[in-house]
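Trainee: Residue numbers (the working numbering), protein chains in the order written: chain A, 6 to 227; chain B, 6 to 227. My questions will all concern the structure given below.
Protein chains: 2
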Amino acid sequence: MQKTDQTPEADGTAARGRGRPRAFDREAALAQATRLFWIKGFGATSIADLTQAMGIGAPSLYAAFGSKEALYAEALRHYRENNEALVWAGFFSAATAREAVMAFLMDSAAALTGCLADIPRGCMVALSSVGGEGHAELGELVQAARAVTLDRLKIRLNQAISEGEIPASTDVHALARFVQTVQNGMSILARDEASRSELEAVAQVAMLGWDARTAQRTISGT
Amino acid sequence: MQKTDQTPEADGTAARGRGRPRAFDREAALAQATRLFWIKGFGATSIADLTQAMGIGAPSLYAAFGSKEALYAEALRHYRENNEALVWAGFFSAATAREAVMAFLMDSAAALTGCLADIPRGCMVALSSVGGEGHAELGELVQAARAVTLDRLKIRLNQAISEGEIPASTDVHALARFVQTVQNGMSILARDEASRSELEAVAQVAMLGWDARTAQRTISGT
DNA sequence: GCCTTTCTATAATGATCGATATAGAAATAG
DNA sequence: CTATTTCTATATCGATCATTATAGAAAGGC
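What follows is the structure in structure tokens.
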């Protein structure tokens, strides 16, 4: 049960001194892999696709990342570390919950259409269907990643209630689900070449739903 | 250029008299294939998966449907013919645009969570990523299917304007995009096991956005 | 009854899948 | 320098992919 992992560096951490050093930049290779998984998905991306885009041979890929599934898991982490700020920075720096949600949706409109950086359209996490492809473990990983959005929204909404920004009677779960739904839907539209301004207009309409839902005379929820 | 298709019945139409008749129900087999494509997607569904679920051999599949891609195209048609009404019947029978959109979103909440029939969760069209998997032709097919939703919403909104239900100044495109976004987002939530009542609550919030956007004193768009 | 036609089942096609065995090349430790 | 360690490149593994050749089974037309 307490078998120690015998493989030299399956975890990816570079050994310090001995032996021939790796000839490629691990992070750069991971970035290319991430981009490919992002665009094509897990199942449609082959090892041959990956080695070509990463500029390395298959044995190097397996030595550095372990397996295709482990590489995807690392790509997910790389995706979050490098792209999360595009969508969440404004949310976390906003003074009010309304401004936070507004920023979240407007920044999503820009990021998901590839306007904030040279990145593929749509969200890698939202559009991933790796769970339905038979890879249950990776499926749970992306599902957990999707759940983070809902958690953050609910935390911010509860904070807004405790600060008196919105009524205590607000249905936090429903409102957070609504914002999550809109952002997820944006990914599908972005993949179909919807423009940034179109998604921004969607965000504006969504905020009208927010305003009506957070007005003092709230219609009691569901 | 005017090569006639030589294959006996690649189009699927049953020849009338001669020869041994087909031993399986073509529509029932197609229904099983549709279900499989719906759940797993095009790429992750193998011919072996299909023949097992359809209860036929591979040669029978190819004789009846031509190819895996042609089968998927037929599955898309079968999907629409058999599931469209779940989401659109109320929309088309509603007296006002508001009731139509409300019915569309509420019926979507029920259908996408598998509450209206014994069907998989989420929309086969919205969640399909066959385009990004390298099958451009099928990708255009599902993209066109997604565009139908937007078209219908815009047509109904324009009708509502001409009937005086909503102001002529309404940004029809933005409002239709908003509704489309919400419904698409619902599919992603439904796949992650969101409940019918959660999606119905989302629909309720979305309708508040509708009301604010269609109020006579409309804030001029974007 | 026989003959033609079309279906079905078995098995195999070449291609590609993810993953590795092997061996040579390149670096550090001593 | 030599020895050791770890990388990379070529080639290949069995499995599975979509597809089909082959042959036998079942129906209608005569």
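In this text, a Cβ means the ideal position worked out from N, Cα and C, and glycines have one as well.
Residues of chain A with CB closer than 9 Å to the CB of G139 (chain B), please, in chain order.
Mentor: The sequence position of residue 139 (chain B) within the second sequence is 134, counting from 1. Per Cβ cutoff of 9 Å: K45, A49.
Trainee: Is R25 (chain A) buried or exposed, if buried means 16 or more other CB atoms sit within 10 Å of its CB?
Mentor: As a first step, residue 25 (chain A) is located in the first sequence; it is residue number 20 there, counting from the start. The residue in question, R25 (chain A), is exposed, as its Cβ has fewer than 16 Cβ neighbours within 10 Å.
Trainee: Is the segment 121 to 138 of chain A touching the segment 192 to 200 of chain A in the sense that three or more CB pairs, one from each, lie closer than 8 Å?
Mentor: As far as the Cβ criterion goes, the segment 192 to 200 of chain A touches the segment 121 to 138 of chain A, which means the pair count is three or higher.
Trainee: Would you tell me roughly how many angstroms separate the C-alpha atoms of L155 (chain B) and D156 (chain A), rounded to the nearest one?
Mentor: In the second sequence, counting from the first residue as 1, residue 155 (chain B) sits at position 150. In the first sequence, counting from the first residue as 1, residue 156 (chain A) sits at position 151. Between L155 (chain B) and D156 (chain A), the C-alpha separation is close to 30 Å.
Trainee: Out of curiosity, what's the CA-to-CA distance linking F97 (chain B) and L162 (chain B)?
Mentor: Within the second sequence, numbered from 1, the residue matching residue 97 (chain B) stands at position 92. Within the second sequence, numbered from 1, the residue matching residue 162 (chain B) stands at position 157. C-alpha separation (whole angstroms): 12 Å.
Trainee: For G95 (chain A), does the count of other Cβ atoms within 10 angstroms reach 16, so buried, or fall short, so exposed?
Mentor: Indexing the first sequence from 1 puts residue 95 (chain A) at position 90. Classification for G95 (chain A): buried.
Trainee: Secondary structure at P64 (chain A), three-state DSSP: helix, strand or coil?
Mentor: Indexing the first sequence from 1 puts residue 64 (chain A) at position 59. Helix at P64 (chain A).
Trainee: I'd like to know whether the C-beta atoms of A78 (chain B) and L143 (chain B) end up nearer to each other than 8 Å.
Mentor: Here residue 78 (chain B) refers to the residue found at position 73 of the second sequence. Here residue 143 (chain B) refers to the residue found at position 138 of the second sequence. It is a contact, given that the beta carbons lie within the stated cut-off.
Trainee: With the cut-off set at 8 Å, would you say R40 (chain B) and R126 (chain B) are in Cβ contact?
Mentor: Start at 1 with the first residue of the second sequence, and residue 40 (chain B) comes out as number 35. Start at 1 with the first residue of the second sequence, and residue 126 (chain B) comes out as number 121. In this structure, R126 (chain B) does not lie closer than 8 Å to R40 (chain B) by Cβ.
Trainee: Can you say whether E145 (chain A) is buried or exposed, counting buried as having 16 or more other CB atoms within 10 angstroms of its CB?
Mentor: As a first step, residue 145 (chain A) is located in the first sequence; it is residue number 140 there, counting from the start. Classification of E145 (chain A): exposed, given that the 10 Å Cβ count is below 16.
Trainee: Given 8 Å as the limit, is there contact between the segment 196 to 214 of chain A and the segment 105 to 125 of chain A, that is, 3 or more CB pairs closer than that?
Mentor: Segments in contact, yes.
Trainee: Helix, strand or coil for A53 (chain B) per DSSP?
Mentor: As a first step, residue 53 (chain B) is located in the second sequence; it is residue number 48 there, counting from the start. In this structure, A53 (chain B) counts as helix in the three-state DSSP scheme.
Trainee: If the cut is a Cβ gap below 7 Å, which residues of chain A does V187 (chain B) touch?
Mentor: Residue mapping note: residue 187 (chain B) aligns to position 182 of the second sequence, counting from 1. T186, V187, G190, listed in chain order.
Trainee: Where does G139 (chain A) land, buried or exposed, given buried means 16+ other C-beta within 10 angstroms?
Mentor: Taking the first residue of the first sequence as position 1, residue 139 (chain A) is located at position 134. Classification of G139 (chain A): exposed, given that the 10 Å Cβ count is below 16.
Trainee: For F29 (chain B) and chain A, any beta-carbon pair shorter than 8 Å?
Mentor: Locating residue 29 (chain B) in the second sequence gives position 24, where the first residue counts as 1. Cβ-Cβ to chain A under 8 Å: no for F29 (chain B).
Trainee: Return no unless some Cβ of chain A is closer than 8 Å to the Cβ of Q7 (chain B).
Mentor: As a first step, residue 7 (chain B) must be located in the second sequence, where it is residue number 2. In this predicted model, Q7 (chain B) has a pLDDT of only 31, less than 50, meaning its place in the structure is not dependable; the value taken from the coordinates is given anyway. Not one chain A Cβ lies under 8 Å of Q7 (chain B).
Trainee: Report yes or no: do the segment 115 to 123 of chain A and the segment 54 to 61 of chain A share at least 3 C-beta pairs separated by less than 8 Å?
Mentor: The answer is no - the segment 54 to 61 of chain A does not touch the segment 115 to 123 of chain A, with fewer than three Cβ pairs under 8 Å.
Trainee: List, in order along the chain, the chain A residues whose C-beta lies closer than 9 Å to that of R161 (chain B)?
Mentor: For the purposes of this step, residue 161 (chain B) is identified with residue 156 of the second sequence, where counting begins at 1. What R161 (chain B) touches in chain A: nothing, since even the nearest Cβ is about 16 Å away.
Trainee: Would a check of beta-carbon distances place R157 (chain B) closer than 8 Å to chain A?
Mentor: Here residue 157 (chain B) refers to the residue found at position 152 when the second sequence is read from its first residue. So, not an interface residue.
Trainee: If we count the other Cβ atoms within 10 Å of its Cβ and call it buried at 16 or more, is I52 (chain A) buried or exposed?
Mentor: Along the first sequence, read from residue 1 onward, the residue named residue 52 (chain A) stands at position 47. Exposed is the call here.
Trainee: For a contact meaning CB atoms closer than 7 Å, what does V177 (chain B) contact in chain A?
Mentor: As a first step, residue 177 (chain B) is located in the second sequence; it is residue number 172 there, counting from the start. In chain order: nothing, as chain A lies at least about 11 Å away.
Trainee: Under 8 Å between the Cβ atoms of T276 (chain A) and T219 (chain A)?
Mentor: For chain A, the structure presents residues 6 to 227; residue 276 (chain A) sits outside this window and is missing.
Trainee: Taking the beta carbon of G46 (chain B) as the centre, do at least 16 other beta carbons fall within 10 Å, making it buried, or is it exposed?
Mentor: Taking the first residue of the second sequence as 1, we reach residue 46 (chain B) at position 41. Result: buried.
Trainee: Which of the three DSSP states is assigned to A36 (chain B) in this structure?
Mentor: Counting from 1 along the second sequence, the entry for residue 36 (chain B) is found at position 31. Looking at A36 (chain B) - three-state DSSP - the assignment turns out to be helix.
Trainee: Would you say D197 (chain B) lies against chain A (beta-carbon separation less than 8 Å)?
Mentor: As a working note, residue 197 (chain B) is residue 192 in the second sequence. Judged by the 8 Å Cβ criterion, D197 (chain B) is in contact with chain A.
Trainee: Quick check on V207 (chain B) - is its C-beta less than 8 Å from some C-beta in chain A?
Mentor: Residue numbering aside, residue 207 (chain B) sits at position 202 when the second sequence is read from its first letter. Yes, contact with chain A.
Trainee: Under 6 Å Cβ to Cβ from G48 (chain B), same chain only, skipping five residues before and after it: list those, please.
Mentor: Sequence index remark: in the second sequence, residue 48 (chain B) carries index 43 (1-based). Excluding positions up to five away in sequence, the list reads E138.
Trainee: For the alpha helix (DSSP H) holding H178 (chain B), just list the boundary residues, first then last.
Mentor: In the second sequence, residue 178 (chain B) corresponds to position 173, counting from 1. Looking at the DSSP string, the run of the alpha helix (DSSP H) that includes H178 (chain B) is 177 to 196.
Trainee: Show which residues of chain A have a CB atom less than 8 Å away from the CB atom of Q37 (chain B).
Mentor: Position 32 of the second sequence, counted from the start, is the residue given in the question as residue 37 (chain B). Those within 8 Å of Q37 (chain B) in chain A number zero; the least Cβ separation is about 17 Å.
Trainee: Within 8 Å (strictly less), CB to CB, does I5 (chain A) reach chain B?
Mentor: Nothing in the structure corresponds to residue 5 (chain A), since chain A is present only between 6 and 227.
Trainee: Is the CB-CB distance between E205 (chain A) and A114 (chain A) below 8 Å?
Mentor: Walking along the first sequence from the start, residue 205 (chain A) turns up at place 200. Walking along the first sequence from the start, residue 114 (chain A) turns up at place 109. A contact, by the Cβ cut-off of 8 Å.
Trainee: Quick one: does A75 (chain B) have its CB under 8 Å from some CB of chain A?
Mentor: For this step, residue 75 (chain B) is matched to residue 70 along the second sequence. It does not; no Cβ of chain A falls within 8 Å.
Trainee: Could you tell me the alpha carbon to alpha carbon distance between L110 (chain B) and N88 (chain B), rounded to whole angstroms?
Mentor: Locating residue 110 (chain B) in the second sequence gives position 105, counting from the first residue. Locating residue 88 (chain B) in the second sequence gives position 83, counting from the first residue. Their backbone Cα atoms lie some 15 Å apart in a straight line.
Trainee: Give the residues from the segment 116 to 135 of chain B that approach chain A closer than 7 Å (Cβ to any Cβ), ordered along the chain.
Mentor: Within the segment 116 to 135 of chain B, the qualifying residues are A131, L132, S134.
Trainee: Quick one: which chain A residues come within Cβ less than 7 Å of D216 (chain B)?
Mentor: Translated into positions along the second sequence, residue 216 (chain B) becomes position 211. By Cβ distance, chain A contributes A217.
Trainee: Tell me the residue span of the alpha helix (DSSP H) that contains E170 (chain B).
Mentor: To locate residue 170 (chain B), count along the second sequence from 1; it is residue 165. No alpha helix (DSSP H) contains E170 (chain B), which DSSP labels as neither H nor E.
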